[in-house]
Structures are given as structure tokens and as C-alpha cells.
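Each residue of the sequence shown is one higher than the one before, starting from 214 at the first, in this note's numbering. Ideal Cβ placement from N, Cα and C applies to all residues, glycine included. All values derive from a computational prediction rather than experimental measurement.
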Amino acid sequence: MKVHNSLYACWNQKLFRMCENCFKNEIDSFPTEESWIRFDLELTKKLGTQKIKHVQFKPDGVRDKDDGEYIYQCNSCHQKWKLKDPDYSFRGYFLKMKDQ
Ligand SMILES: [Zn+2]
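This is how it looks when you write it as C-alpha cells:
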């Protein structure tokens, strides 16, 4: 049973790396308005085609009540991603979540 489990984990990890529905890269920040718009368009497309879904909103309460992290999840490999919109001097991010 242990062997089966580790094989499954290995296969699962392969799937993570090969997933076509996820975003290819993590984004540390959106340096320009254009890079944000391009990302936002891609995200909207992936949501529209059910490749990923919005699963959670985590308010951080720092700036206002609409402010926080948007959590998305891939429908294929179930990888979760966290998104923070850029706002004024803060450039936002889009990163994989390590703790699932
Ligand atoms: Zn995926």
C-alpha cells in the first residue's frame, strides 16, 4: 500500500509539472499596468473555460474590506494559486500556494 501511495504521489507531481491548464509561471509582481491587464485577460479566459475556479477570498483588512487575497484552484491538478491585485505603489502577485 505504501508503494502504491508513493507511486501515486510521484505520478501526481508529474501531473503538476505538466498541467496545461494552470499558469506556467508564478508572478512576483506586476511591474506595469500592461502586464496586469495581460494577466487579467488570461485569468478571465481560464475562468470562462472552467480551467480554474475562484475558491476563496481572504480579506487582510489592511487597506479596506475589499482588499485581500483571491484564491484560485486548477480544475485539473488542483493546484491553488493566490492573487493580489496591484494597487497604487503595491505591485501585487500571483503565486502557487504551498500549503494545500
Ligand atoms: Zn493545473
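DSSP three-state assignment for residue i, whether helix, strand or coil
i	result
Lys266	strand
Glu282	strand
Ligand 1 heavy atom lying under 8 Å from the CB of residue i
i	result
Gln263	no
Option nearest residue i by Cα separation, candidates the options
i	options	result
Asp241	Tyr306, Leu296 and Cys232	Tyr306
Leu296	Trp249, Cys290, Leu308 and Asn288	Leu308
Lys266	Gln292, Cys232 and Lys237	Gln292
Cys300	Glu282, Gly261, Met310 and Lys311	Note that residue 300 corresponds to Asp in the displayed sequence, not to Cys. Nearest C-alpha to Asp300: Glu282.
Lys259	Asp298, Cys287 and Lys271	Cys287
Expected contact under 8 Å - CB spacing of residue i and residue j to nearest Å
i	j	result
Arg304	Phe252	Wrong, their Cβ atoms sit about 12 Å apart, outside the cutoff.
Asn238	Lys264	Contact flag wrong, Cβ pair sits at about 16 Å.
Test: residue i CB closer than 9 Å to a CB of chain C
i	result
Tyr283	Here there is only one protein chain, and chain C is not present.
Q) Around ligand 1, which residues pass a check of Cβ closer than 6 Å to any of its heavy atoms? A) So the residues near ligand 1 by this Cβ test are Cys232, Asn234, Cys235, Cys287, Ser289, Cys290 and Gln292.
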